[in-house]
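There are 2 protein chains.
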Amino acid sequence: MPRQQAPLSLEYILLGFLEQKPIHGYDLYKQISGFEPISLVWRVKQSQLYALLERLEDDGLILSTVIPGESHPNRNQYHLTSIGRQTFYAWRNSPVQHGRDIRMEFLAKIYFALLAGPETVLDLIEEQKAVCYEWLSQFHNDLMNTSENQIYERIVFQYRASQVQTIIEWLESTRKEIGNQLRSVSAKKQNSAKTS
Amino acid sequence: MPRQQAPLSLEYILLGFLEQKPIHGYDLYKQISGFEPISLVWRVKQSQLYALLERLEDDGLILSTVIPGESHPNRNQYHLTSIGRQTFYAWRNSPVQHGRDIRMEFLAKIYFALLAGPETVLDLIEEQKAVCYEWLSQFHNDLMNTSENQIYERIVFQYRASQVQTIIEWLESTRKEIGNQLRSVSAKKQNSAKTS
DNA sequence: TTTATATACTCATTAAATGAATATACGGAG
DNA sequence: CTCCGTATATTCATTTAATGAGTATATAAA
Numbered sequence: 001m002p003r004q005q006a007p008l009s010l011e012y013i014l015l016g017f018l019e020q021k022p023i024h025g026y027d028l029y030k031q032i033s034g035f036e037p038i039s040l041v042w043r044v045k046q047s048q049l050y051a052l053l054e055r056l057e058d059d060g061l062i063l064s065t066v067i068p069g070e071s072h073p074n075r076n077q078y079h080l081t082s083i084g085r086q087t088f089y090a091w092r093n094s095p096v097q098h099g100r101d102i103r104m105e106f107l108a109k110i111y112f113a114l115l116a117g118p119e120t121v122l123d124l125i126e127e128q129k130a131v132c133y134e135w136l137s138q139f140h141n142d143l144m145n146t147s148e149n150q151i152y153e154r155i156v157f158q159y160r161a162s163q164v165q166t167i168i169e170w171l172e173s174t175r176k177e178i179g180n181q182l183r184s185v186s187a188k189k190q191n192s193a194k195t196s
Numbered sequence: 197m198p199r200q201q202a203p204l205s206l207e208y209i210l211l212g213f214l215e216q217k218p219i220h221g222y223d224l225y226k227q228i229s230g231f232e233p234i235s236l237v238w239r240v241k242q243s244q245l246y247a248l249l250e251r252l253e254d255d256g257l258i259l260s261t262v263i264p265g266e267s268h269p270n271r272n273q274y275h276l277t278s279i280g281r282q283t284f285y286a287w288r289n290s291p292v293q294h295g296r297d298i299r300m301e302f303l304a305k306i307y308f309a310l311l312a313g314p315e316t317v318l319d320l321i322e323e324q325k326a327v328c329y330e331w332l333s334q335f336h337n338d339l340m341n342t343s344e345n346q347i348y349e350r351i352v353f354q355y356r357a358s359q360v361q362t363i364i365e366w367l368e369s370t371r372k373e374i375g376n377q378l379r380s381v382s383a384k385k386q387n388s389a390k391t392s
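Residue numbers (this note's numbering), protein chains in the order written: chain B, 1 to 196; chain S, 197 to 392.
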């Protein structure tokens with residue numbers, strides 16, 4: 001059998017943009033590869049984007065409507081199905097299960113969680129932190145089961161433990177910053193409510 | 197044009213094993229996926245391994261000799277060419293240029309550097325640390341050029357800076373441990389030289 | 001009028017990854 | 001002594017993904 005179908009992950013980013021409003025491939029490409037800061041963590045070629053859209057449609061997560069062009073070529077406008085919407089929310093609200101997926105996939109989740117509001121981000125961060133603590137104790141466990149003379153193994157496990165430890169600290173500091181903003185915004189609201 | 201040929205990286209691991217002694221695919225697979233701790237950072241399927249060997253041969257880095265089987269099936273024994281050997285040493289002794297390559301590729305380099313001896317590891321670590329400091333100042337720069345209200349950008353850059361910072365600390369602590377071992381070994385040598 | 005650029009997508013080609021298949025020898029059970 | 005599973009050693013067909021280039025129309029500019 002062939003290269004196994006990777007269990008999606010970055011296609012969800014497309015769902016995330018479609019969740020905001022229906023859009024066609026060309027505009028979606030301009031948005032993603034242009035001004036949107038998601039381009040800090042994910043870059044896609046135009047032809048790849050069209051292929052991904054097709055796959056999402058095959059999976060029933062999005063649907064296309066042809067918009068005939070008068071002053072422009074025909075457009076293939078995509079919008080989420082209700083399954084697509086549920087699938088996206090489930091993805092956005094759940095932590096990643098491997099350290100290697102923090103770099104792109106988790107940062108992408110954060111991107112959309114921020115759009116959804118501070119509470120969504122805070123929930124996501126808490127859940128991810130819990131998973132990270134599991135990783136951390138696993139790596140500490142690995143280290144304990146490694147003898148002094150297994151130099152390479154120790155180096156690898158120390159690397160992993162230190163990276164996860166840092167991710168946890170970063171999550172915590174991000175949580176605090178978001179929390180502070182939340183409080184300062186609500187304080188301002190209170191303030192303007194009083195003075196008005 | 198097609199998916200571009202990735203500029204090698206983990207194929208070098210195969211070169212590293214061939215550098216130790218000529219070997220055929222089946223034994224190589226058993227070694228890599230079995231007892232060798234390199235399996236902590238890289239796993240390969242048997243069929244993939246054969247494909248990689250073929251590619252390395254096409255690239256002129258290894259050569260195969262058919263060893264006819266009397267008490268076993270025919271073997272395709274591979275050995276390094278002199279270009280292959282040079283290519284491997286150059287790879288092993290040079291740092292990686294992207295943070296995402298620390299996790300597997302740099303750890304693989306460390307594996308072979310350890311086999312070559314403590315001095316090789318120490319050199320590699322120093323070079324990698326220098327590169328990491330460049331990354332770090334780049335990320336700090338990114339952060340400085342990001343305004344307070346670009347929340348997402350700040351989160352991403354803080355993540356990256358913290359990860360690199362931790363890699364530097366891990367490199368430093370690894371360097372110390374290797375250095376200590378070197379000194380304790382040479383101390384023992386001196387000691388046994390005295391007492392003998 | 002020609003020419004370049006923006007719009008919007010489609011396609012052919014290639015690389016990589018994988019499970020399964022192939023083929024031979026060997027050791028032990030019945 | 002034969003049958004059958006396991007170890008040895010490699011090859012193959014299939015699928016998916018990724019990419020540069022190609023197509024086609026409209027609009028703006030020279």
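We put the CB at the ideal spot given by N, CA and C, even for glycine.
> From Ile178/B to Leu122/B, what does the alpha carbon distance come to, in whole angstroms?
Replying inline: 8 Å
> If you follow the alpha helix (DSSP H) that Val317/S is part of, which residue opens it and which one closes it?
Replying inline: 314–340
> Under the rule that 16 or more other beta-carbon atoms within 10 Å means buried, what is Ala130/B, buried or exposed?
Replying inline: exposed
> What residues in the segment 218–236 of chain S bring their beta carbon closer than 9 Å to a beta carbon of chain B?
Replying inline: Pro233, Ile234, Leu236
> Helix, strand or coil for Asn180/B per DSSP?
Replying inline: helix
>> List, in chain order, every chain S residue whose beta-carbon is nearer than 7 Å to that of Tyr12/B.
In response: Within chain S, no residue comes near Tyr12/B; the closest Cβ sits about 17 Å away, beyond 7 Å.
>> At the 9 Å Cβ level, is Glu322/S part of the contact set with chain B, yes or no?
In response: For Glu322/S, the answer is no, since every Cβ of chain B falls outside 9 Å of its Cβ.
> What's the C-alpha gap between Tyr348/S and Thr342/S?
Replying inline: So the alpha carbons of these two residues sit roughly 10 Å apart.
>> Assuming Thr87/B is part of the alpha helix (DSSP H), what are its boundary residues?
In response: 82–92
> Which residue or residues does DSSP assign as beta-bridge partners of Thr65/B?
Replying inline: Gln77/B
> Pick from Asp254/S, Asn272/S, Ser278/S: whose alpha carbon is nearest that of Asp223/S?
Replying inline: Asn272/S
> Which residue or residues does DSSP assign as beta-bridge partners of Ile23/B?
Replying inline: Tyr78/B
>> Comparing C-alpha positions only, which one of Gly84/B, Met104/B, Glu119/B, Pro22/B sits nearest to Leu182/B?
In response: Looking at the Cα atoms, Glu119/B is the closest of the given residues.
> Under the rule that 16 or more other beta-carbon atoms within 10 Å means buried, what is Val185/B, buried or exposed?
Replying inline: exposed
> Looking at the C-beta of Trp238/S, does it have a partner C-beta in chain B at a distance below 9 Å?
Replying inline: no
>> For Val262/S, count the other beta carbons within 10 Å of its own beta carbon; 16 or more makes it buried, fewer makes it exposed. Which is it?
In response: exposed
> Which first and last residues belong to the alpha helix (DSSP H) in which Lys253/S is found?
Replying inline: Going by the sequence as given, residue 253/S is Glu instead of Lys. Taken as a continuous stretch (DSSP letters only), the alpha helix (DSSP H) holding Glu253/S covers 242–254.
>> Against Thr120/B, what residues of chain S qualify as contacts under a CB-to-CB distance less than 9 Å, listed in chain order?
In response: Near Thr120/B there are no residues of chain S at all, since even the closest Cβ is about 13 Å away, more than 9 Å.
> Going by other Cβ atoms of all chains shown within 10 Å of its Cβ, with 16 needed for buried, is Ile83/B buried or exposed?
Replying inline: A residue is called buried when at least 16 other Cβ atoms come within 10 angstroms of its Cβ; Ile83/B does not meet this threshold and is exposed.
> Residues of chain B with a CB under 7 Å from the CB of Ile351/S: which are they?
Replying inline: Ile110, Thr174
>> Please report the distance separating the alpha-carbon of Gln324/S from that of Ala304/S.
In response: 13 Å
> Can you name, in chain order, every residue of its own chain whose Cβ lies under 8 Å from the Cβ of Leu367/S, other than the five neighbours on each side?
Replying inline: Ile321, Gln324, Lys325, Cys328
> What's the C-alpha gap between Leu15/B and Ser47/B?
Replying inline: 17 Å
>> So, with DSSP's three-state summary, where would you put Ser392/S?
In response: Note that Ser392/S scores a pLDDT of 47, beneath 50, so its modelled location is shaky; the value from the coordinates is reported in the next line. In this structure, Ser392/S counts as coil in the three-state DSSP scheme.
>> Spatial neighbours of Arg85/B within its chain, please: C-beta separation below 7 Å, excluding the five flanking residues on both sides.
In response: Excluding five sequence positions before and after Arg85/B, the CB atoms of its chain that fall closer than 7 Å to its own CB belong to Glu19, given in chain order.
> How would you call Arg239/S, buried or exposed, if buried means at least 16 neighbouring beta carbons within 10 angstroms?
Replying inline: It counts as exposed.
> Quick one: is Arg103/B near chain S, going by C-beta distance under 9 Å?
Replying inline: The beta-carbon of Arg103/B is placed less than 9 Å from the nearest beta-carbon of chain S.
> Name the chain S residues that come within less than 7 Å of Ile151/B, Cβ to Cβ?
Replying inline: Leu310
> Looking at Gln359/S and Thr174/B, is the spacing between their C-beta atoms short of 9 Å?
Replying inline: no
> Under the three-state reduction of DSSP, which class applies to Arg296/S: helix, strand or coil?
Replying inline: The answer is helix: DSSP assigns Arg296/S an H, G or I state.
> Which term fits Ala187/B, buried or exposed, when burial requires 16 or more other beta carbons within 10 angstroms of its beta carbon?
Replying inline: exposed
> chain S partners of Gln163/B, CB-CB under 7 Å?
Replying inline: Gln359, Thr362
> In whole angstroms, what separates the C-alpha of Arg356/S from that of His98/B?
Replying inline: 17 Å
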